[in-house]
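Taking it in order: structure first as structure tokens, then the write-up.
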Ligand code: SF4
């Protein structure tokens with residue numbers, strides 16, 4: 011099912027544990043040793059940076075993977091917003 015949702019990654023909270031990478035391959039290690047979101051360049055997402063956090067809007071069928079990554083993060087650096095939570 012295709013769903014629109016936002017993934018917010020607070021890089022100031024990220025501790026580089028990389029539990030998220032194993033759950034959702036859109037999370038990748040950046041050159042600074044912290045996680046970053048790589049949604050691909052297929053135009054299916056929009057990425058912006060707000061207050062040190064990466065906020066990416068996806069419209070695809072991978073909401074569950076994003077939610078699993080958020081749950082796996084030991085420092086709660088990942089937040090997934092759906093439905094009315096979206097702007
Ligand atoms: S699981 Fe959390 S702390 Fe670990 S790399 Fe991912 S966002 Fe950062």
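Numbering (the numbering used here), first residue to last: 11 to 97. Where is the CB? At the ideal position from N, CA and C, for every residue including glycine.
What is the DSSP secondary structure of residue 29, reduced to helix, strand or coil? helix
Excluding five sequence neighbours on each side, which residues of the same chain lie with their C-beta closer than 6 angstroms to the C-beta of residue 14? 69
Proximity below 8 angstroms, CB of residue 31 to CB of residue 38: yes
Pull up the distance between the alpha-carbon of residue 46 and that of residue 74, whole angstroms please. 18 angstroms
When we look at the beta-carbon of residue 34 and count the other beta-carbons within 10 Å, is it buried (16 or more) or exposed? buried
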